[in-house]
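K.L.:
Respectively, the protein sequence lines represent chains A and B.
Basically the working numbering = 1-based index in the first sequence + 596.
Basically the working numbering = 1-based index in the second sequence + 2.
Input: one structure, supplied below.
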Amino acid sequence: MAEQPYGLIATFDTASGVYHAAETVRDAGYKNWDCITPYPVHGLDKAMGLKRSLVPVFSLAGGIGGVIAGVGLIYFTAAIDYKLILAGRPFFSPIPAIPVIVELGIALSAFSAVAGMIVLCRFPMLYHPVLKSDRIISALDDKYLIVIEACDPMFSPTRTKDLLEKLGGLDVKELEA
Amino acid sequence: MSTHAASAPTAIAAAPAPAGSNASKALGIGIASIFATVLGLALPGNASAVAVGWLVAIVFWTAIAIGMLMLIMIHHLSDAGWSVVVRRQFEHGISAFKWLLLLFVPLLLATWLGKGDAVWPWGNLNHVLHGTETVGEDAAYWHKSPVLNILSFSALSVFLYGFLILVSARLRKASFTQDVDGDVKWSHQSHATSASCIALTALALTGIAFFWIMSLEYHWGSTIYGMWFFSDCIRGALSVGLLVQLWLFARGDFKGILSSRHLHCIGIFIHAFTAFWAYVAVCQYILIWSSNLTEETFWYNIRELNHDGSTNQWWWVGIALILLNFLVPFLLLLSYKTKITIYKIAPVAFAILATTLLDLTYNILPVLKNAYGDAQPFLSLNLLWILTSVIGVGGVCVWSYFKSFASTKLIPIRDPRIAECLANHE
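Have a look at this one:
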């Protein structure tokens, strides 16, 4: 038995062709697929049914963590571990803690935004089956590609191929995994 | 760059719907409210309260206009694409400076013709400070008297307004003329105007913050005060700009022009300047708290404690500012959905305008003292004069906006970047 292919690849000549094809693929219910275009096509994310990135959630979690860490750090050092009487001020006051809270909040939210991006993109990705296809070269220039992965629950070697051909996809071929 | 934005959809941008009835309505409400404010002068011993309320209103609307002017200049300097459409609304807004100058004159007249301390205590050498000495006996006053005297102050105020009027007129003329001839030289001219005037405008708004507001307690100084005022200016201008765009969208003029991307961009700016306000306000507070010097802490003490050590109402206003001017809008605006959903962002913009007014009130109104030298309570008749003044001055500013609005195109149809702005996608 031949090895399961990575998926099907189809070429489109125009941006509007790939745009409308993407809408139909989206409406057909496919989840694991992608468009490859030489430049960002406006509105293609909507045509593909892509949701907004989850990076802000990572960033928010990091920011909240930073704020808690900042308060904790100042409270522990100033009010528990090393009490110093300074100009009659309280051991712990939120006011001198603010710079630490702000800096830690910003730093950790930035770090976790970068980390979240790396995780969500599944970096480091040293190899991708699409790169094996010759067509990736023309997709960096003037062609548009749609790749539907075989791991998609809707995927079928024949029906998916028919769909892509019906949408105007040229030269629909299987991609080696 | 082509000289004409050939791809701009000129058909949708014909002269906007008549604004004449709106303009006269705004002016009518404004004048009625100014009249109500004047009635307040009839109450015995109330003149100072009315004058200080009037100052709050003038500062509030001037701050919004300055914020609009700064945003126009930042737009030109960064050669931005997304903000071309909202820039035109700001250009209408900055037509109000000449009327604001006219409305500022009564404060100068009250200072010249009265005892001099109708608003600013240093205007009267016999004004009693903190129950002991007078301004004339105060060495600190004489040190600052070269600028803090009625003549310098009046000249400086008129000069600052004059500068703002001239810069605004130049930017407006360039933009409106480009609508007609489509010449790209007007964009280049506005770049040059902005580059040469943005630092001067920053100095002008710092001057306004120092001379009109900070000098109310002339013993006190805060070098960051201009930046605090700047943050109020920008937030006020952004909120008004956003609400005007939503109004035009609801009316139908901005259908097909305003996209969620525009709302997102302006929402990001409001969010950033909400954080900026907190940053500046907290800087000022931390430095004064840390150094703990009597000549600085008294400014906050007036706003927290009475002479007998009891907490006064201004303490609660301060807490409300932290929560409502920073924390709540900051958390709400974190969300993308809040920024692009009209019924969510509009209340936030209204709330920010209200808390900006509260912030200015917090900085200005405690100059009114009672017999013990304590700040007069926040909840008092003084708020009524602020309200009538804000509506009065605001009515005139809105009238000025409508007048300008009717005189030109809805959007800058021949701006070289208009197509980029209209096709602004995420």
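Idealized CB from N, CA, C, for every residue including glycine.
It should be emphasised that the depicted structure is a prediction, and the values quoted were computed from it without experimental measurement.
Quick one: give me the first and last residue of the beta strand (DSSP E) that Ala142/B is part of.
P.N.:
It is not in any beta strand (DSSP E) - Ala142/B instead sits in the alpha helix (DSSP H) that spans 141-146.
K.L.:
What are the boundary residues of the beta strand (DSSP E) that includes Gly603/A?
P.N.:
603-608 is the extent of the beta strand (DSSP E) around Gly603/A.
K.L.:
Quick one: Cα of Ala408/B to Cα of Gly645/A, how far?
P.N.:
So the two alpha carbons sit approximately 42 angstroms from each other.
K.L.:
Count the other C-beta atoms from every protein chain shown that fall within 10 angstroms of the C-beta of Ser729/A, then say buried if there are 16 or more, exposed otherwise.
P.N.:
Looking at its Cβ environment, which holds 16 or more other Cβ atoms inside 10 Å, Ser729/A is buried.
K.L.:
Residues in its own chain within less than 7 angstroms of Lys117/B by CB, not counting five upstream and five downstream?
P.N.:
Closer than 7 angstroms at the Cβ level, and outside the excluded window around Lys117/B, lie Asn126.
K.L.:
Can a CB atom of chain B be found closer than 8 angstroms to the CB of Arg775/A?
P.N.:
Since the first residue of chain A shown is 597 and the last is 773, residue 775/A is not available in this structure.
K.L.:
According to DSSP, is Tyr635/A helix, strand or coil?
P.N.:
If DSSP states are grouped into helix, strand and coil, Tyr635/A belongs with coil.
K.L.:
Do you know offhand how far Pro601/A's Cα is from Ala425/B's?
P.N.:
Those two C-alpha atoms are separated by around 40 angstroms.
K.L.:
Since Pro692/A meets chain B, which of its residues come closer than 9 angstroms, beta carbon to beta carbon?
P.N.:
By Cβ distance, chain B contributes Ile288, Trp291, Ser292.
K.L.:
Lys341/B and Gly269/B look like a contact to me (Cβ under 8 angstroms); what is the Cβ gap, rounded to whole Å?
P.N.:
Right, their Cβ atoms sit about 3 angstroms apart.
K.L.:
Taking Cβ positions only, does Ala683/A come closer than 8 angstroms to chain B?
P.N.:
Yes, Ala683/A counts as interfacial toward chain B.
K.L.:
Out of curiosity, what's the CA-to-CA distance linking Ala364/B and Glu306/B?
P.N.:
A small correction: the amino acid at residue 364/B is Tyr; Ala does not occupy that position in the sequence shown. Using only the alpha carbons, I get a separation of about 11 angstroms.
K.L.:
Taking only three categories from DSSP, how would you classify Trp629/A?
P.N.:
Residue state, collapsed to three classes: strand.
K.L.:
Closer than 8 angstroms between beta carbons: that is the criterion. Which residues of the stretch 262-289 of chain B meet it against chain A?
P.N.:
Answer set for the stretch 262-289 of chain B: Tyr281, Val284, Tyr287, Ile288.
K.L.:
Can you give, in chain order, each stretch of the alpha helix (DSSP H) that sits fully within the stretch 176-247 of chain B and has at least 4 residues?
P.N.:
Taking only runs of at least 4 residues, the alpha helix (DSSP H) segments lying wholly in the stretch 176-247 of chain B are 187-210.
K.L.:
Assign Asp361/B to one of three DSSP states: helix, strand, or coil.
P.N.:
In this structure, Asp361/B counts as helix in the three-state DSSP scheme.
K.L.:
Quick one: what's got a C-beta closer than 8 angstroms to Asp737/A's C-beta in the same chain, skipping five residues either side?
P.N.:
Excluding positions up to five away in sequence, the list reads Pro634.
K.L.:
Given that a residue counts as buried once 16 or more other Cβ atoms are within 10 Å of its Cβ, and exposed if not, what is Val58/B?
P.N.:
So Val58/B counts as buried.
K.L.:
Taking Cβ positions, are Val667/A and Ala709/A nearer each other than 8 angstroms?
P.N.:
Result no, Cβ atoms of Val667/A and Ala709/A do not sit closer than 8 angstroms.
K.L.:
So the alpha helix (DSSP H) Tyr671/A belongs to, where does it begin and stop?
P.N.:
Taken as a continuous stretch (DSSP letters only), the alpha helix (DSSP H) holding Tyr671/A covers 651-671.
K.L.:
For Ala16/B and Val182/B, what's the separation of their Cα atoms in angstroms?
P.N.:
Bear in mind that a pLDDT of 45 at Ala16/B, under 50, signals an unreliable position, so the number given afterwards is only what the model happens to contain. The straight-line gap from Cα to Cα measures roughly 12 angstroms.
K.L.:
Kindly say whether Gly639/A, judged by its beta-carbon, lies nearer than 8 angstroms to any beta-carbon of chain B.
P.N.:
Interface residue, yes.
K.L.:
Would you say Leu109/B and Trp63/B are within 8 angstroms of each other, going by their C-beta atoms?
P.N.:
In this structure, Trp63/B does not lie closer than 8 angstroms to Leu109/B by Cβ.
K.L.:
If distances are taken between C-alpha atoms only, which option among Pro148/B, Ser35/B, Arg237/B comes closest to Phe352/B?
P.N.:
Per the Cα distances, Arg237/B.
K.L.:
Taking the alpha-carbon of Thr673/A as reference, which of Ala683/A, Phe688/A, Gly659/A has the nearest alpha-carbon?
P.N.:
Ranking Ala683/A, Phe688/A, Gly659/A by Cα distance to Thr673/A puts Phe688/A first.
K.L.:
Quick check on His190/B: buried or exposed, where buried means 16 or more other Cβ atoms within 10 Å of its Cβ?
P.N.:
It counts as exposed.
K.L.:
Chain A partners of Tyr338/B, CB-CB under 8 angstroms?
P.N.:
Per Cβ cutoff of 8 angstroms: Arg648, Pro652.
K.L.:
For His427/B, return the contacting residues in chain A, with the cut-off set at a CB-CB distance below 7 angstroms.
P.N.:
What His427/B touches in chain A: His638, Gly639.
K.L.:
Going by DSSP, name the residue or residues bridged to Lys769/A.
P.N.:
Answer is Ile605/A, bridged to Lys769/A.
K.L.:
Taking the alpha helix (DSSP H) that Val398/B falls in, what are its first and last residues?
P.N.:
Segment 384-408, the alpha helix (DSSP H) holding Val398/B.
K.L.:
Which chain B residues sit within Cβ distance under 9 angstroms of Leu656/A?
P.N.:
The answer, in chain order, is Leu336.
K.L.:
Expressed to the nearest angstrom, what Euclidean distance is found between the alpha-carbon atoms of Ile435/B and Val698/A?
P.N.:
In the structure as shown, chain B starts at 3 and stops at 428, and residue 435/B therefore has no counterpart that could be examined.
K.L.:
How would you call Arg755/A, buried or exposed, if buried means at least 16 neighbouring beta carbons within 10 angstroms?
P.N.:
Exposed, since its Cβ has fewer than 16 Cβ neighbours within 10 Å.
K.L.:
Is it true that the CB of Ser649/A sits closer than 8 angstroms to the CB of Ser705/A?
P.N.:
Not closer than 8 angstroms, so no.
K.L.:
Using 10 angstroms around the beta-carbon of Val400/B, count the other beta-carbons present and answer buried if the total reaches 16, otherwise exposed.
P.N.:
Label assigned to Val400/B: buried.
K.L.:
Taking only three categories from DSSP, how would you classify Ala7/B?
P.N.:
Because Ala7/B sits at a pLDDT of 38, beneath the cut-off of 50, its placement in the model cannot be relied upon, and the following sentence gives the value as read from the coordinates. Residue state, collapsed to three classes: coil.
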